[in-house]
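In what follows, a structure is listed as structure tokens, so that the remarks can point back to it.
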Amino acid sequence: MTAVIDHPPGARTSRPKNRILGVVRLQFTNTQTFVWVPLLILVAAWLITLIIHWIIASAGVDSQMYSGGSQTPLWYFAVVGAQAVNLTFYFSQAMSLTRREFCLGSLTAAAISAAGISAVFVVLGLIEQATDGYGLGGYFAYLPWVWEHGPLGAGFVYFVLTMLCFVLGFWFAIFYKRAGALILTISLTVIALALLAGAAWINVNRAWPEVWAAIVGAQAIGLALWALGLTAVFALGSYLTLRRLTT
Amino acid sequence: MNSVVEVRRLTKTYKTTTALDDVSLSIDEDSIYGLLGRNGAGKTTLMSILTAQNFATSGDVEVFGEDPYENARVLNRMCFVRESQKYPDDSNARHALTNARLFFPHWDQDFADQLVSDFDLPLKTPIKKLSRGQQSAVGVIIGLASRAEITFFDEPYLGFDAVARQTFYDRLIADYAEHPRTIVLSSHLIDEVADLIEKVIVIDHGRIIMDETTEEVRSRAVNVVGDADAINRLVAGREVIHRESLGRVASVTMLGHLSNADRELIDDANLDLTPVSLQQLVVRSTQTDLAESSAAETDSRSLQS
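These protein sequence lines are chains A and B, in that order.
Under UniProt numbering, think of the first position of the first sequence as 1, with each following residue one higher.
Under UniProt numbering, think of the first position of the second sequence as 1, with each following residue one higher.
Next comes the structure, spelled out in structure tokens:
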């Protein structure tokens with residue numbers, strides 16, 4: 001007697017999974033770059049500012065003190081952006097990912113990291129708001145101009161500026177890999193000259209007061225929306241540059 | 001047999017060099033290919049264009065009937081193991097294998113675990129601190145355990161000792177028997193992989209100069225061992241591509257097939273026929289630049305016989 005056993009076919013079918021979320025995990029392999037160093041920079045800047053404020057306060061100065069120290073992690077995100085390309089792009093190619101998946105996944109990873117650091121920024125600001133600057137009148141995160149629209153507005157501004165820095169670093173790293181050091185340096189020089197030309201134009205037209213008035217007049221949220229648009233443009237630029245990057 | 005890769009008139013030029021020169025070929029499903037050639041012949045360029053990591057200057061590439069560029073559907077089914085793969089800075093072998101598991105749909109974790117112990121790979125040491133051979137093991141394990149429908153191994157065993165190489169060959173052939181797929185293995189160690197590969201593609205100066213089954217290539221020549229005088233009579237007028245002798249005994253590889261008269265001579269003189277070294281044949285075919293004119297004559301004559 002023979003028995004026929006039917007084995008279920010397709011034992012080797014592929015499991016559907018989200019490859020872009022996979023890239024996020026891939027980026028977070030570099031936990032140090034994406035989590036610990038930005039957090040360390042923020043905490044260190046906060047601690048240093050706090051000590052300075054305490055020294056000033058203990059010297060008998062009784063006015064409110066505002067520090068720009070909370071911006072330091074923003075700049076580091078340009079480094080994070082560059083590292084996201086340098087450390088992970090080649091491996092992402094070995095994982096048979098498309099450049100598009102790599103780009104979207106890296107931006108998502110950056111957004112998660114930026115949201116985390118923005119949350120820390122907001123929490124610090126709320127503490128400062130509640131304790132009148134740690135009882136010293138010293139403010140690190142709670143800057144009135146940024147907090148005009150409350151904690152969510154402040155978090156949004158911080159988040160967008162962090163993303164803008166990330167995307168700039170990301171794009172420059174890709175551009176460097178494609179074009180090399182010489183063309184990158186020339187391009188940066190051209191950008192610097194263009195900015196300088198703008199400044200000279202403002203100077204010749206004696207328009208500085210209007211420019212400052214416009215910047216102060218535009219609320220932080222308004223500027224953040226501009227920065228958001230710029231971030232989107234740079235992200236698109238990054239992808240278009242990445243499309244032709246070879247390993 | 002179904003072909004999984006079709007390449008038509010593929011050319012890749014860099015500023016001053018031509019890496020691939022009008023290459024056309026097809027790669028069949030479920031076979032092991034040896035992609036052979038000298039350094040700089042164009043092997044890596046070909047494989048990186050097929051996996052959409054590099055771009056053609058002109059010509060068409062189709063993998064599973066589609067253009068692989070930015071095509072997740074196609075890339076998903078391929079795995080390319082590079083000679084010196086770069087890994088994220090902080091990552092160790094465990095990270096790399098965990099990521100690979102995420103991206104390769106046919107990944108077999110048990111097989112990967114077994115390979116880790118076969119190659120004695122430390123999982124927690126940062127990859128950049130591993131020895132050259134251990135780094136290569138990471139790539140080899142990803143390539144094998146991913147069980148991608150097309151797997152490219154580009155000189156995968158840099159820094160491997162003979163034992164590790166043999167382990168690689170053994171695991172590859174055993175797993176291939178259970179899970180047939182297309183494997184393209186680029187190698188300098190031609191005789192080591194000769195028993196593994198079913199088809200040979202030789203590329204030289206960006207051109208395909210040989211694209212045949214291993215058996216066909218081997219049948220182009222014969223290797224005879226025995227009395228030196230008898231062998232000299234046998235090979236008279238033919239092209240000899242390799243000769244070794246020790247006293248009165250010689251071992252000679254010559255091009256061409258054996259006629260009935262040849263076989264009688266071999267029987268009478270008690271000569272032995274032994275397997276031809278694939279390496280000798282490939283080396284000869286990539287050296288034709290050196291001896292093009294003289295080889296051309298003998299070649300045509302010996303192939304007629």
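Quick reminder that beta carbons are idealized off the backbone N, C-alpha and C, glycines included.
Within-8 Å CB hit, residue i to chain B
i              : result
E128 (chain A) : no
T88 (chain A)  : yes
R178 (chain A) : no
L242 (chain A) : no
L26 (chain A)  : yes
R15 (chain A)  : Annotation note: pLDDT 40 at R15 (chain A) (below 50); position unreliable, no value reported.
Min CB distance residue i to chain A below 8 Å
i              : result
T11 (chain B)  : no
S48 (chain B)  : yes
F119 (chain B) : no
R263 (chain B) : no
F153 (chain B) : no
F64 (chain B)  : no
L115 (chain B) : no
K15 (chain B)  : no
G206 (chain B) : no
K129 (chain B) : no
K86 (chain B)  : yes
H188 (chain B) : no
Chain-ordered neighbours of residue i on chain B, where CB pairs are closer than 7 Å
i              : result
F102 (chain A) : Near F102 (chain A) there are no residues of chain B at all, since even the closest Cβ is about 10 Å away, more than 7 Å.
Selected residue, minimal CA-CA separation from residue i, among the options
i                     : options                           : result
K43 (chain B)         : B:A164, B:S91 and B:V202          : B:V202
F103 (chain B)        : B:A41, B:R147 and B:E83           : B:R147
S31 (chain B)         : B:S136, B:P88 and B:F152          : B:F152
V163 (chain B)        : B:D120, B:V224, B:D113 and B:V81  : B:D120
Y33 (chain B)         : B:G256, B:S277, B:V217 and B:S186 : B:S186
D60 (chain B)         : B:R82, B:D272, B:K86 and B:V5     : B:V5
L161 (chain A)        : A:E148, A:N205 and A:A220         : A:A220
E212 (chain B)        : B:Y14, B:S26, B:R9 and B:L10      : B:S26
I197 (chain B)        : B:L265, B:V217, B:H205 and B:G206 : B:V217
residue 307 (chain B) : B:L255, B:S245 and B:S219         : Outside the displayed range of chain B (1 to 305) lies residue 307 (chain B), so it cannot be described from this structure.
Chain A residues whose Cβ lies nearer than 9 Å to that of residue i
i              : result
Q166 (chain B) : By Cβ distance, chain A contributes nothing, its closest Cβ being about 25 Å from Q166 (chain B), past 9 Å.
M78 (chain B)  : S96
Partner residues on chain A for residue i, Cβ-Cβ distance less than 7 Å
i              : result
Q53 (chain B)  : Q93, T246 and T247
D89 (chain B)  : N30 and L87
F103 (chain B) : R19, G22, M95, S96 and L97
H257 (chain B) : Chain A residues near H257 (chain B): none, gap ~43 Å exceeds 7 Å.
R82 (chain B)  : A94
H95 (chain B)  : T29
Residue i, buried or exposed, once every other Cβ within 10 Å from all chains shown has been counted against 16
i              : result
V123 (chain A) : exposed
T253 (chain B) : buried
P73 (chain A)  : buried
R171 (chain B) : buried
V200 (chain B) : buried
R248 (chain B) : exposed
K12 (chain B)  : buried
A227 (chain A) : buried
Residue interval of the beta strand (DSSP E) (run including residue i)
i              : result
Y33 (chain B)  : I32 to L36
K86 (chain B)  : Looking at the DSSP string, K86 (chain B) is not in any beta strand (DSSP E), and its letter there is neither H nor E.
E6 (chain B)   : S3 to T13
H242 (chain B) : V240 to L246
K124 (chain B) : It is not in any beta strand (DSSP E) - K124 (chain B) carries neither H nor E in the DSSP assignment.
G59 (chain B)  : S58 to V63
S26 (chain B)  : T18 to D28
Bounding residues of the alpha helix (DSSP H) (the contiguous stretch that carries residue i)
i              : result
E192 (chain B) : I190 to V193
L143 (chain A) : That residue, L143 (chain A), is in no alpha helix (DSSP H); it is neither H nor E in DSSP.
Contacts that residue i makes with chain A (C-beta to C-beta distance below 8 Å)
i             : result
E70 (chain B) : T98, R99, R100 and R243
L75 (chain B) : S96, L97 and T98
Beta-carbon neighbours of residue i, restricted to chain D and to distances below 7 Å
i              : result
A100 (chain B) : Within the model displayed, chain D is absent; protein chains A and B are what it includes.
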